[in-house]
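For the sequence shown, the numbering used here gives the first residue as 5, with consecutive numbering after it.
All C-beta atoms in this analysis are idealised placements derived from N, C-alpha and C, irrespective of residue type, glycine included.
Notes follow once the structure below has been shown.
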Amino acid sequence: MNDIMAPSGVQFTPVDPVLAKVRIIAEALFLVPAAIVFGVLGFMFSPWFWVGCAVSTVIFVWISWLIPRQVRAMGFAEGDDEFMIRRGVMFRQLTLIPYGRIQYVDVQEGPIARKFRIAQIKLNTASAQTDATLDGVPVEEAIRLRDMLAQRGSAELAGL
5 MNDIMAPSGV
15 QFTPVDPVLA
25 KVRIIAEALF
35 LVPAAIVFGV
45 LGFMFSPWFW
55 VGCAVSTVIF
65 VWISWLIPRQ
75 VRAMGFAEGD
85 DEFMIRRGVM
95 FRQLTLIPYG
105 RIQYVDVQEG
115 PIARKFRIAQ
125 IKLNTASAQT
135 DATLDGVPVE
145 EAIRLRDMLA
155 QRGSAELAGL
């Protein structure tokens, strides 16, 4: 049976699994202090603040369970004519960006991602609907992809 998210003959490269850790840390930086604040307020003023503490904790546990599954579903592939990005567990998405449509390539890394040596690649095209991002790429691979995508984009654009 053919899978619409796995074109035949295409081997997807998974993103770095450390992306899950980076995303969980980023969520923890917001949700853990929120749970602590609600807990302190619940202790000092009203037990109703414990609801906020419980909600923050449940959301953090749920996100910590969900993020690794999302990261395992992410990947990219370099085709002959297009760059492919795959993501999603329940709501799966496959984005194909023709090399000739790529106008410029951004490579970004935040402070947590920098610590773990991963980056985000953003492909910008002429159409706002086809801009695509790829998170969790090791820095060395991101540099290689940036150079390759910029070169292929220029070469394909010149051929149009």
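Setting aside the 5 residues that flank it on each side, residue 15 is surrounded in the same chain by 81, each with a C-beta closer than 7 Å to its C-beta; the list follows chain order. Residue 15 sits in coil when the DSSP states are folded into three classes, being neither helix nor strand.
For residue 84, the secondary structure class from DSSP, reduced to helix, strand or coil, is coil. Counted as a single uninterrupted DSSP element, the alpha helix (DSSP H) harbouring residue 59 occupies residues 53-76.
Rounded to the nearest whole angstrom, the CA to CA distance from residue 49 to residue 65 is 26 Å.
With 16 or more other Cβ atoms inside 10 Å of its own Cβ, residue 109 counts as buried. Taking the Cα positions, residue 63 is about 10 Å away from residue 39.
Residue pairing by DSSP places residue 126 opposite 110, 137 in a beta bridge.
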